[in-house]
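As structure tokens, the structure follows; a few thoughts come after it.
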Amino acid sequence: MMEKKLTVGVVGLSMGRRYLSASIENGAEIGAICDSNEAVLNEKGDQFQIPADKRFTDWHALLHMDELNVIAIATPDQLHREMAEAFLAAGKHVICEKPLALTREDLVAIIKAADNAKAKFMVGQVARFNPSKSKIKELADSGMIGEIFYLENEYAHDYAKILSANGWRSDPIRHGVVGGGCHAVDMLRWLAGDPTEVFAYGNHKMLPQVSYDDATIAVLKFPNDVIGKVFVSTGCKRPYTSRTLVYGTRGTIVWEDTHPEDVLVYTVDEDGISLKPEPEIIKIVMKDHNVTKEFEVFAEHIRKDTPVLLSALEGAKTVAVCHAIVESSQTGKPVAPDYNF
Ligand SMILES: NC(=O)c1ccc[n+]([C@@H]2O[C@H](COP(=O)([O-])OP(=O)(O)OC[C@H]3O[C@@H](n4cnc5c(N)ncnc54)[C@H](O)[C@@H]3O)[C@@H](O)[C@H]2O)c1
């Protein structure tokens, strides 16, 4: 049971529908829903049985509703800053979808707004709440595969159909490396720390409807002499994957969304050299999109008044790496991510 009653307003109801379910599953109340598209508003309102007087097409209406203490922002990335600033200034706790924002100016503004606010702010890098990914993190931190020397993560997601429905994803500042690739970059940052330098190549063969590269490969240098790779494709013809591989001095972790319940861990025998013939297969129970867990963690931060793990700065650092990757692919030069926010 939560000590503090959470009453949530959700803005943007496509991805936002997951915050509606997550709030309900975590015992919070839905105090308001908002979508500028009235048809979407009413469809989700009906689906979640939200009374008509709690449905809004203008998000500003939620700013003045004293009963709301939590806002979930699930609108297009370009709108995160304006909404985060306003809701934090109004004293609401805010959970905001990834990527935190698309421009450095917006990242800086959100960090400042979160620092100045009395309320809490968390960025929804949801992959960290995927039970397979958290198991990978736990195994890597446990030393089971020794010291990490190389790691990689893909983000392969066909946007061909999503793009036609959503103009905001075609904006060149919403480059696939930032918009979706942030999941892969964030995973590597979580496992290996902040990369010090990146080098990238990109190409554009799949999505004629956008002006930016739809495939990018980046190599990254991490602290402690760790090296890594991120591959992002937003036009690929395969099921979605966010495959993660972690290579250590005593073993290797392999995970792919095509078999999401299996985390494979290869390790060596006691001699430290011979690979055991079979990997250990660690079974994971996958539930939903993991927003429920993400919201649970945010609710705990609010309830216990603890520092938020996925702060605005964390979200901004991930986008800083994404920006460095895009810049490197465009200039042909290595780029050091700028974490100086
Ligand atoms: N974590 C994940 O796995 C994941 C997955 C998809 C999207 N996202 C993120 O979630 C956010 C939303 O993405 P989406 O796929 O739902 O986009 P979408 O375009 O499908 O839906 C956005 C919704 O916001 C509404 N909207 C737009 N402007 C608004 C405004 N000013 N006020 C109120 N409502 C407004 C639209 O009408 C639409 O219903 C983005 O930041 C995106 O990057 C995250």
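Position in the sequence shown (from 1) plus 12 gives the number in our numbering. For every residue, glycine included, the Cβ atom is placed at its ideal position computed from N, Cα and C.
*Using CA coordinates, which residue listed in L203, S223, S254 and L219 is at the minimum distance from S233?*
In the sequence as displayed, the identity of residue 233 is Lys instead of Ser. K233 has its Cα closest to that of L203, out of L203, S223, S254 and L219.
*With respect to 7 Å, is the separation between the Cβ of G136 and the closest non-hydrogen atom of ligand 1 below this value?*
yes
*By a C-beta neighbour count over all protein chains shown, 10 Å radius and 16 as the cutoff for buried, is I174 buried or exposed?*
exposed
*In angstroms, rounded to a whole number, what distance separates the CA positions of G190 and N165?*
Correcting the residue identity first, residue 190 is Val in this sequence and not Gly. Answer to the nearest angstrom: the Cα atoms are 14 Å apart.
*Run the proximity test for V22: is its beta-carbon closer than 7 Å to any non-hydrogen atom belonging to ligand 3?*
Ligands displayed in this structure: ligand 1; ligand 3 is not among them.
_For T343, count the other beta carbons within 10 Å of its own beta carbon; 16 or more makes it buried, fewer makes it exposed. Which is it?_
exposed
*Bridge partners of C108, per DSSP?*
Bridge partners of C108 according to DSSP: I85 and V135.
*Whole-angstrom Cβ separation of R201 and K329, contact assumed at under 8 Å?*
7 Å
_Assuming contact is defined by CB atoms lying nearer than 8 Å, are R262 and T279 in contact in what I supplied?_
yes
*asked:* I'd like to know whether the C-beta atoms of Y259 and Y162 end up nearer to each other than 8 Å.
replied: yes
_Alpha-carbon spacing of D206 relative to V303, whole angstroms_ = 25 Å
*Exposed or buried, what is M13 when buried is set at 16 or more other beta-carbons lying within 10 Å of its beta-carbon?*
Below a pLDDT of 50, predicted positions are generally treated as unreliable, and M13, at 41, falls in that range; no measurement from the model is reported.
_Residues that C46 bridges to, as DSSP identifies them_ = V23 and F68
*What separation, rounded to the nearest whole angstrom, lies between the Cα atoms of K217 and A230?*
If I take the Cα positions, the gap works out to 17 Å.
_In this structure, how does DSSP classify F307 when only helix, strand and coil are distinguished?_
If DSSP states are grouped into helix, strand and coil, F307 belongs with the helices.
*Can you grab the Cα-Cα spacing for the pair S26 / S286, in whole Å?*
Distance between the alpha carbons of S26 and S286 is about 50 Å.
*Does at least one heavy atom of ligand 1 sit under 7 Å from the Cβ of C46?*
yes
*asked:* Can you tell me whether L25 sits near ligand 1, meaning its C-beta is under 7 Å from at least one heavy atom of the ligand?
replied: Yes - ligand 1 has a heavy atom lying nearer than 7 Å to the Cβ of L25.
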